[in-house]
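Residue numbers (the working numbering): 27 to 680.
All C-beta atoms in this analysis are idealised placements derived from N, C-alpha and C, irrespective of residue type, glycine included.
Only a predicted model underlies this, so the values are computations on that prediction, with no experimental measurement involved.
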């Protein structure tokens, strides 16, 4: 006698044996009891959740004749009459199963529908079951629409699919739809325990838990894995054997990794990954198990006292999970969970999945504060008594407002000594000046004349890159900058002097976006004698594609300052462009074009570069196009008589 696999041997024969689909069982049972039967049913769900099983039970319920042959439509088929036994064995003439994955054409569907005109031979109803119905072609769907909508009273359609999104709406609207859900691991584990008890197979609880998790909601997959585990363990199911069969990672490795990440111990992380590599354990399984543990840790951290509800008494990992939940900060738990989820996609991109696993795990340490201490997420109120003014700054007699406004005129205090300035700058940059608030001016402020009685010169213009430390005697909760006030407006009270450190002009990352960038560049453009020569040379190199990427950017942003024979001196504003390899490639392109054999690049203010010339030309073309449109008589008539307006940004030069 051939062996019958567990998935077929323990297939449910009636609704009472169905596991994990109570919502579908209850609806069909009530419909059969009250005989409120629909003519078409659609069962959806992932693989192995019982779609075909429900279809066969429904067919038996419709055609059951009872043990005495006098039965009728029932929700509890007897399983002993000729109709029930024939349906279970797959030879009932009035029950037809069509696999749409291999019979997806219109001819197969028409052949099936031709049988609909004949009444049942043995049973009360003909039942047409079409599995994987989403695989049918559009022509096949159209061929069955009319029969599906108004079938004979003795015909029932049962459709099953794993992808209802591919089923046409015209078919969905003609069916009563039931969604079979993936089963919970606890439900799968309990059913496996009952099956193994009936099979007289000894199984460890932790091994069943691994099988239930590996099934991912599919009871058929769980029973198939159980068959494999029985063969692998020679008649027994043990945790070690199941882990080896599934390639699962021992939870001890997972806990060791999380513990090392919580303590900032990078050495232990690397050593543990090396052990996983030597044992051939799956990197993807490691991240998956870590995500599962971190999810339980996050719940414990967010809702204390949930240990008993999340785990059962047999779970050996509950205590360790609770310990790690208390050790790892809640924000780092969330971060590590997100890193593990997204890191699984990185494994296939790296040449070595264990190297990718190492990088994924070390990613948390890159965000972790030094010393492993969790970073403060709230801003503590400063001690107002400890806030004192430096000697060079005097506080206003009135209380400090909630926000400090920078407005002109502002008197500049005496410049501090170089050593004192460097100490204050280092203190501000290292974050030690906890009572300092930093202002960042969004727009340059005009130079202000010194106040009466002050010997200090005008305050330099503030740029977006300048950091302005402000100290007040009462403390300040926030700091903002306001645009310069008109001359007729009274200045804001309690204005304090602000020491300003002049820095270079901001780079392109801080410039206005889109059209504003071009206008700003054009406004700073001043043509020079050497600029025309440099612009022509750069345009030639760009057109011939002799320079690309960073080399092209260096050429466009640079200004030709001087020429000494075959040696050209260039100037750029951004130090990131002044790289040795970039300079060498630009020199080679210039030499090949016959312009210069040697170049030097210095840092400074640029007033004439190819990029600025191009921006100025583009602005000129744009302005000329706008003038043409706005001076057009027809446009002026529309604006004057019909209150029309030109949409900003809609005028583009040809």
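Along the chain, where does the alpha helix (DSSP H) that runs through residue i open and close?
| i | result |
| --- | --- |
| residue 357 | 356-373 |
| residue 285 | 277-289 |
| residue 33 | 32-35 |
| residue 634 | Segment: none, residue 634 is in no alpha helix (DSSP H) and carries neither H nor E. |
| residue 327 | 309-328 |
| residue 346 | 344-353 |
| residue 665 | 659-668 |
| residue 38 | Here residue 38 belongs to no alpha helix (DSSP H), and DSSP marks it neither H nor E. |
| residue 606 | 606-618 |
| residue 26 | Only positions 27 to 680 of the chain appear in this structure, which leaves residue 26 out of reach. |
| residue 296 | 292-305 |
| residue 389 | 379-393 |
Report the option in the options whose CA atom is closest to the CA atom of residue i.
| i | options | result |
| --- | --- | --- |
| residue 674 | 649, 633, 611, 49 | 649 |
| residue 690 | 344, 638, 55, 587 | Lying before the first or after the last residue shown, residue 690 is absent from the chain, which here runs from 27 to 680. |
| residue 617 | 594, 636, 634 | 594 |
| residue 589 | 111, 557, 633 | 557 |
| residue 393 | 90, 288, 140, 281 | 288 |
| residue 52 | 149, 191, 72, 204 | 204 |
| residue 280 | 219, 350, 234, 259 | 350 |
| residue 374 | 386, 671, 655 | 386 |
| residue 224 | 667, 32, 196 | 32 |
| residue 173 | 193, 136, 194 | 136 |
| residue 622 | 354, 560, 651, 325 | 560 |
| residue 344 | 258, 325, 368, 209 | 325 |
| residue 552 | 565, 230, 633 | 633 |
| residue 30 | 192, 253, 365, 305 | 253 |
| residue 641 | 592, 233, 583 | 583 |
| residue 282 | 60, 347, 190 | 347 |
| residue 219 | 232, 293, 354 | 232 |
| residue 18 | 562, 596, 206, 567 | This structure cannot speak to residue 18, because the chain is shown only from 27 to 680. |
| residue 687 | 665, 571, 645, 79 | The shown model of the chain, from 27 to 680, leaves out residue 687, and the question about it has no answer. |
| residue 74 | 176, 367, 187, 296 | 187 |
| residue 628 | 636, 619, 653, 602 | 602 |
| residue 327 | 304, 352, 303 | 352 |
| residue 389 | 636, 671, 295, 356 | 295 |
| residue 208 | 607, 76, 564 | 76 |
| residue 302 | 270, 670, 636 | 270 |
| residue 639 | 604, 562, 667 | 562 |
Going by DSSP, name the residue or residues bridged to residue i.
| i | result |
| --- | --- |
| residue 586 | 596 |
| residue 228 | 262 |
| residue 559 | Per DSSP, none; premise fails for residue 559. |
| residue 626 | 595 |
| residue 121 | 153 |
Under DSSP, the beta strand (DSSP E) around residue i begins and ends at which residues?
| i | result |
| --- | --- |
| residue 205 | 202-205 |
Say whether chain D places a C-beta atom closer than 7 Å to the C-beta of residue i.
| i | result |
| --- | --- |
| residue 627 | Here chain D cannot be found, since the structure has a single protein chain. |
(message) Threshold first: 4 residues or longer. Then list the alpha helix (DSSP H) segments lying entirely within the segment 51-115, N to C.
(response) DSSP assignment within the segment 51-115 yields the following whole alpha helix (DSSP H) runs of 4 residues or more, N-terminal first: 77-89, 108-115.
(message) Counting beta carbon pairs with one atom in the segment 92-101 and one in the segment 67-78, are three or more of them shorter than 8 Å?
(response) Per the Cβ contact rule, the segment 67-78 is not in contact with the segment 92-101 (fewer than 3 Cβ pairs under 8 Å).
(message) Could you tell me which whole beta strand (DSSP E) segments of length 3 or greater appear in the segment 124-200?
(response) Considered as a whole, the segment 124-200 harbours 152-157, 181-187 as its complete beta strand (DSSP E) runs of no fewer than 3 residues, in chain order.
(message) Any contact between the segment 372-381 and the segment 318-328? By contact I mean 3 or more CB pairs, one from each, below 8 Å.
(response) No, because fewer than three Cβ pairs between the segment 372-381 and the segment 318-328 fall closer than 8 Å, the two stretches do not touch.
(request) Could you tell me whether the segment 236-253 touches the segment 304-312, where touching means 3 or more Cβ pairs closer than 8 Å? (result) Verdict: no, contact absent.
(request) State whether the segment 229-245 contacts the segment 206-217, with contact taken as three or more CB pairs (one from each stretch) at a distance under 8 Å. (result) Yes, the segment 229-245 is in contact with the segment 206-217.
(message) If contact is defined by three or more beta carbon pairs under 8 Å, each pair taking one atom from either stretch, is the segment 83-96 in contact with the segment 111-126?
(response) By the Cβ rule, the segment 111-126 counts as touching the segment 83-96, because three or more pairs are nearer than 8 Å.
(message) Within 8 Å, do at least three Cβ pairs link the segment 28-40 to the segment 156-166?
(response) In this structure the segment 156-166 does not touch the segment 28-40; the number of beta carbon pairs closer than 8 Å is below three.
(message) Using a Cβ distance threshold of 8 Å, determine whether the segment 145-152 contacts the segment 174-193, with at least three qualifying pairs required.
(response) With a cut-off of 8 Å, the segment 174-193 and the segment 145-152 count as touching, because enough Cβ pairs lie within range.
(request) Count the CB pairs spanning the segment 572-584 and the segment 656-673 that are closer than 8 Å, and state whether there are at least three. (result) In short, these stretches do not touch, since the Cβ pair count stays below three.
(message) Pairs of beta-carbons, one from the segment 263-276 and one from the segment 224-240, closer than 8 Å: are there three or more?
(response) Yes, the segment 263-276 is in contact with the segment 224-240.
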